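These notes are about the structure you will find just below.
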Amino acid sequence: MPDVQLTKGLHEACGVFGIYGHPHAGELVYYGLHALQHRGQESAGIVAVDQGKFTTHKGMGLVTDVFRNGDAFDLSGESAVGHVMYANGSPTITEVQPLVFKYRAGTIALAHNGALVNAAQIRRSLELQGSIFQTNSDIEVIAHLIARSPHDDLVSALRHALGVIEGSYALLVLAENKLIACLDPQGLRPLALGKVGGSYCFASETCAFDLIEAEYIRHVEPGEMVVVGQDQLRSLKIGEPSPAFCSFEYIYFARPDSNLTSNTSVHQIRRKLGKQLAAESPVEADLVLGVPDSSLSAAIGYAEALSIPFEMGLVKNRYVGRTFIQGKQESRTRDVKLKLSVVRKVVEGKTVVMVDDSLIRGTTSRRIVRLLRDAGVKAVHVRISSPPVAHPCFYGIDISSHDELIVTHKSVAEIQSYIGADSLEFLTIDGLVRAIRGTNDNHGLCLACFNGKYPTTIDFQTEEAQNE
Ligand code: SF4
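Each residue of the sequence shown is one higher than the last, beginning at 3 in the working numbering.
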């Protein structure tokens with residue numbers, strides 16, 4: 003599972019889970035959010051609806067912190083949605099999702115994973131027309147558009163709103179008598195449909211279904227709206243599909259036990275990334291290490307392909323508190339030591355390959371290489387199981403502005419020297435596509451942070467200004 007807080011400078015923005023028509027809806031959403039915790043640790047929340055009455059429990063922190071008194075079990079109602087968030091900046095409790103809105107046609111709760119690329123423009127335009135916003139959240143923009151729609155029925159109003167927005171959204175909308183799941187036409191974020199005890203449910207990742215013993219049915223399609231209500235399930239088209247699924251979900255964000263397509267686990271794909279990396283950039287070494295946890299699958303693949311032993315040379319301390327994780331800059335080196343230890347007996351005197359899944363700023367790789375050198379390795383060859391990240395992401399992943407990306411101002415040789423490695427190689431973009439797709443056809447994948455080809459229009463001035 004990716005450790006977004008410590009090891010990267012990459013942050014996923016949110017996980018969603020929703021269920022319709024189950025006697026233990028709140029409890030199941032609670033467990034679902036547990037499984038999605040890796041997608042956001044900033045806040046957690048659940049909204050349940052019981053005969054038109056909406057009840058919310060939410061707060062800052064991990065799911066276990068927010069629901070420490072079994073509060074989810076007390077949320078009455080047969081339908082519920084939940085959300086875990088990673089946020090840029092400092093979110094306030096008013097921004098913790100799901101957010102509940104009342105408008106002329108009723109009450110709705112919204113939970114969103116993604117980022118709208120035209121939210122700022124829509125917000126400005128609505129403000130000029132007199133709208134008042136209480137949060138910086140994109141879903142408040144969506145709620146305004148729903149409320150201002152000329153349609154009274156929710157499905158039509160939502161379709162109207164989604165016709166105006168652009169960007170990434172895996173969106174759940176809970177109303178008194180229905181649960182609606184929507185995915186943007188690019189299908190940038192994952193959203194899966196399942197069924198438990200006759201009740202339909204939706205989750206950002208299939209690992210949430212495994213925990214509640216739900217049956218996986220299929221993924222929501224790009225540009226699809228799925229409406230679940232008493233009259234069962236309906237699928238509607240909300241936009242012309244133009245698939246561009248986030249390739250970083252495979253590389254780093256999703257849990258290895260999730261399936262992002264119908265039958266291939268993220269672990270299997272990462273293993274292929276490691277094999278492809280070995281084919282492109284082999285090296286002679288005594289052993290292969292993966293940076294835990296998200297790089298282990300790729301390291302296994304790399305080691306297998308070259309018949310080099312895979313070893314547990316780096317160990318993660320899972321019990322480091324968030325205070326340390328968010329510590330001051332000067333304590334970051336100690337933070338890495340707190341978080342990662344080297345098994346000295348394994349690496350001492352050895353030539354090692356350190357496989358990592360991505361390299362964004364280089365600071366973490368530099369610290370880990372130093373830890374390995376301090377433990378007495380003979381040589382460290384760093385292999386990255388993704389291409390160089392050269393462009394920011396505007397679709398909900400906190401890959402920062404150009405300036406913070408090391409490849410925009412250093413050559414690979416300079417990065418190798420900066421991190422103190424004996425050699426450094428990245429997976430190629432073609433290799434990434436081949437490992438994910440099994441062919442050279444990159445159709446349906448977003449590769450924008452590698453090649454700068456964004457699958458939607460981007461207002462660079464506004465977006466970069468917001469990222470700063
Ligand atoms: S730009 Fe990169 S991180 Fe963002 S959606 Fe595309 S592939 Fe994913």
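The C-beta atom is built at its ideal place from N, Cα and C for all residues, glycine as well. Computed from a prediction, not measured in an experiment: that's the story for all the values here.
Notebook entry, point to check: Exposed or buried, what is Gln99 when buried is set at 16 or more other beta-carbons lying within 10 Å of its beta-carbon?
Noted result: As a working mapping, residue 99 is identified with position 97 in the sequence shown. Per the 10 Å Cβ criterion, buried.
Item checked: Residue environment, Thr441, which counts as buried when at least 16 other CB atoms sit within 10 Å -> Your numbering for residue 441 matches position 439 in the sequence shown. The residue in question, Thr441, is exposed, as its Cβ has fewer than 16 Cβ neighbours within 10 Å.
Notebook entry, point to check: For Ile2, does the three-state DSSP call read helix, strand or coil?
Noted result: Nothing about residue 2 can be read from this structure; the chain reaches only from 3 to 470.
Margin query: Can you find the residues in the same chain that come closer than 6 angstroms, C-beta to C-beta, to Gly292, ignoring five residues on each side of it along the sequence?
Written below: To locate residue 292, count along the sequence shown from 1; it is residue 290. Excluding sequence neighbours, Gly292 sits near Leu298, Ala301, Val357.
Check: Any chance the CB of Cys16 is under 7 angstroms from a heavy atom of ligand 1?
Finding: By one-based count along the sequence shown, residue 16 stands at place 14. For ligand 1, not one heavy atom lies less than 7 angstroms from the Cβ of Cys16.
Checklist line | DSSP-derived helix/strand/coil call for Lys274 | finding: Position 272 of the sequence shown holds residue 274. Residue state, collapsed to three classes: helix.
Notebook entry, point to check: Does ligand 1 have even one heavy atom less than 7 angstroms from the beta-carbon of Phe250?
Noted result: In the sequence shown, the residue the question calls residue 250 occupies position 248. At least one heavy atom of ligand 1 is nearer than 7 angstroms to the Cβ of Phe250, so yes.
Check: Does the Cβ-Cβ distance between Glu44 and Tyr88 come in under 8 angstroms?
Finding: Taking the sequence shown and counting its residues from 1, the one referred to as residue 44 is at position 42. Taking the sequence shown and counting its residues from 1, the one referred to as residue 88 is at position 86. Taking 8 angstroms as the Cβ cut-off, Glu44 and Tyr88 qualify as a contacting pair.
Next item on the list: With DSSP as the reference, label Leu160 as helix, strand or coil.
Entry: The residue labelled residue 160 in the question sits at position 158 within the sequence shown. Of the three classes helix, strand and coil, the one that applies to Leu160 here is helix, per DSSP.
Check: What are the boundary residues of the alpha helix (DSSP H) that includes Asp376?
Finding: Taking the sequence shown and counting its residues from 1, the one referred to as residue 376 is at position 374. 365 to 376 is the extent of the alpha helix (DSSP H) around Asp376.
Margin query: Considering only their Cβ atoms, is the gap separating Ser201 from His24 smaller than 8 angstroms?
Written below: By 1-based counting over the sequence shown, the position of residue 24 is 22. By 1-based counting over the sequence shown, the position of residue 201 is 199. Closer than 8 angstroms, so yes.
Item checked: Cβ neighbour criterion (16 or more within 10 Å) applied to Leu193 -> For this step, residue 193 is matched to residue 191 along the sequence shown. Buried is the call here.
Check: In three-state terms, what does DSSP make of Asn115?
Finding: For this step, residue 115 is matched to residue 113 along the sequence shown. Note: Asn115 maps to strand in three-state DSSP.
Next item on the list: May I ask you to report which of helix, strand or coil DSSP gives Cys2?
Entry: Outside the displayed span of the chain (3 to 470) sits residue 2, for which this structure offers no information.
Checklist line | Buried versus exposed call for Asn453 [16 or more other C-beta atoms within 10 Å across all chains shown] | finding: Position 451 of the sequence shown, counted from the first residue, corresponds to residue 453. Exposed, because fewer than 16 other Cβ atoms sit within 10 Å of the Cβ of Asn453.
Checklist line | Nearest-angstrom Cα separation, counted from Ile386 out to Asn444 | finding: Walking along the sequence shown from the start, residue 444 turns up at place 442. Walking along the sequence shown from the start, residue 386 turns up at place 384. Asn444 and Ile386: Cα-Cα distance of roughly 20 angstroms.
Item checked: Through-space distance from His40 to Asp5, alpha-carbon basis -> For the purposes of this step, residue 5 is taken as residue 3 along the sequence shown, with counting starting at 1. For the purposes of this step, residue 40 is taken as residue 38 along the sequence shown, with counting starting at 1. Any reading at Asp5 needs caution, since the residue's pLDDT is 35, under 50, leaving its predicted position unreliable; the model's value is listed next. Here the C-alpha atom of Asp5 lies approximately 7 angstroms from the C-alpha atom of His40.
Checklist line | Lys60 classed as buried or exposed, judged by whether at least 16 other C-beta atoms fall within 10 angstroms | finding: In the sequence shown, counting from the first residue as 1, residue 60 sits at position 58. By the neighbour-count rule (16 or more Cβ atoms within 10 Å), Lys60 is buried.
Checklist line | Delimiting residues of the beta strand (DSSP E) encompassing Leu262 | finding: The residue labelled residue 262 in the question sits at position 260 within the sequence shown. Looking at the DSSP string, Leu262 is not in any beta strand (DSSP E), and its letter there is neither H nor E.
Item checked: Endpoints, the alpha helix (DSSP H) within which Cys451 is located -> Against the sequence shown, residue 451 aligns to sequence position 449. Here the alpha helix (DSSP H) through Cys451 covers 450 to 453.
Notebook entry, point to check: Since Ser237 and Val230 are thought to touch, with beta carbons under 8 angstroms apart, how far apart are those beta carbons, to the nearest angstrom?
Noted result: In the sequence shown, residue 237 corresponds to position 235, counting from 1. In the sequence shown, residue 230 corresponds to position 228, counting from 1. 10 angstroms between Cβ atoms; not a contact.
Note to self: Any heavy atom of ligand 1 closer than 7 angstroms to the beta-carbon of Tyr171?
What the structure shows: Position 169 of the sequence shown, counted from the start, is the residue given in the question as residue 171. It does not: the Cβ of Tyr171 is nowhere closer than 7 angstroms to a heavy atom of ligand 1.
Notebook entry, point to check: Looking at the structure shown, is Arg257 part of a helix, part of a strand, or coil, going by DSSP?
Noted result: Numbered from 1 along the sequence shown, position 255 holds the residue referred to as residue 257. Here Arg257 sits in coil by DSSP.
Next item on the list: Counting only the same chain and skipping the five closest in sequence on each side, list residues whose C-beta sits under 6 angstroms from that of Asn261.
Entry: Along the sequence shown, one-based indexing puts residue 261 at 259. Result list for Asn261: Thr208, Ser267, in chain order.
Margin query: Can you tell me whether Lys104 is helix, strand or coil according to DSSP?
Written below: Locating residue 104 in the sequence shown gives position 102, where the first residue counts as 1. It is a strand residue.
Checklist line | beta-carbon Ile399 near ligand 1 non-hydrogen atom, thresh 7 angstroms | finding: Against the sequence shown, residue 399 aligns to sequence position 397. The answer is yes for Ile399.
Notebook entry, point to check: Going by Cα to Cα distance, which pick from Leu275, Ala305, Glu406, Leu195 is closest to Phe428?
Noted result: On the sequence shown, residue 428 is found 426 positions in, with the first residue counted as 1. For Phe428, the nearest C-alpha among the options comes from Leu275.
Notebook entry, point to check: Which residues in the same chain as Tyr456 place their Cβ atom closer than 6 angstroms to its Cβ, once the five residues preceding and following it in sequence are excluded?
Noted result: By one-based count along the sequence shown, residue 456 stands at place 454. Closer than 6 angstroms at Cβ, skipping near neighbours: Ala450.
Next item on the list: Kindly examine ligand 1 and report whether one of its heavy atoms sits closer than 7 angstroms to the Cβ of Ala117.
Entry: Here residue 117 corresponds to residue number 115 of the sequence shown, with the count starting at 1. Not under cutoff, so the answer is no.
Check: Is any heavy atom in ligand 1 found nearer than 7 angstroms to the beta carbon of Ala256?
Finding: In the sequence shown, the residue the question calls residue 256 occupies position 254. No.
Check: Comparing the CB of Ala450 with every heavy atom of ligand 1, is any distance shorter than 7 angstroms?
Finding: Working through the sequence shown from its first residue, we reach residue 450 at position 448. Answer for Ala450: yes, Cβ within range of ligand 1.
Note to self: Between Ser425, Ala37, Ser133, which has its C-alpha nearest Ala216's C-alpha?
What the structure shows: As a first step, residue 216 is located in the sequence shown; it is residue number 214 there, counting from the start. Checking every option, the nearest Cα to that of Ala216 belongs to Ala37.
Notebook entry, point to check: Just how far apart, CA to CA, sit Phe135 and Phe204?
Noted result: Against the sequence shown, residue 135 aligns to sequence position 133. Against the sequence shown, residue 204 aligns to sequence position 202. Going from the Cα of Phe135 to the Cα of Phe204 covers about 28 angstroms.
Note to self: Please report the distance separating the alpha-carbon of Lys55 from that of Ser81.
What the structure shows: The sequence position of residue 55 within the sequence shown is 53, counting from 1. The sequence position of residue 81 within the sequence shown is 79, counting from 1. About 11 angstroms.
Note to self: Using 8 angstroms as the threshold, is the C-beta distance between Leu426 and Val409 below it?
What the structure shows: Translated into positions along the sequence shown, residue 426 becomes position 424. Translated into positions along the sequence shown, residue 409 becomes position 407. Their beta carbons are not under 8 angstroms apart, which means Leu426 does not touch Val409 by this criterion.
Note to self: Please tell me whether, using a cut-off of 7 angstroms, the distance from the CB of Leu235 to the nearest non-hydrogen atom of ligand 1 is below it.
What the structure shows: As a working note, residue 235 is residue 233 in the sequence shown. No; taking the cut-off as 7 angstroms, the Cβ of Leu235 has no heavy atom of ligand 1 nearer than that.
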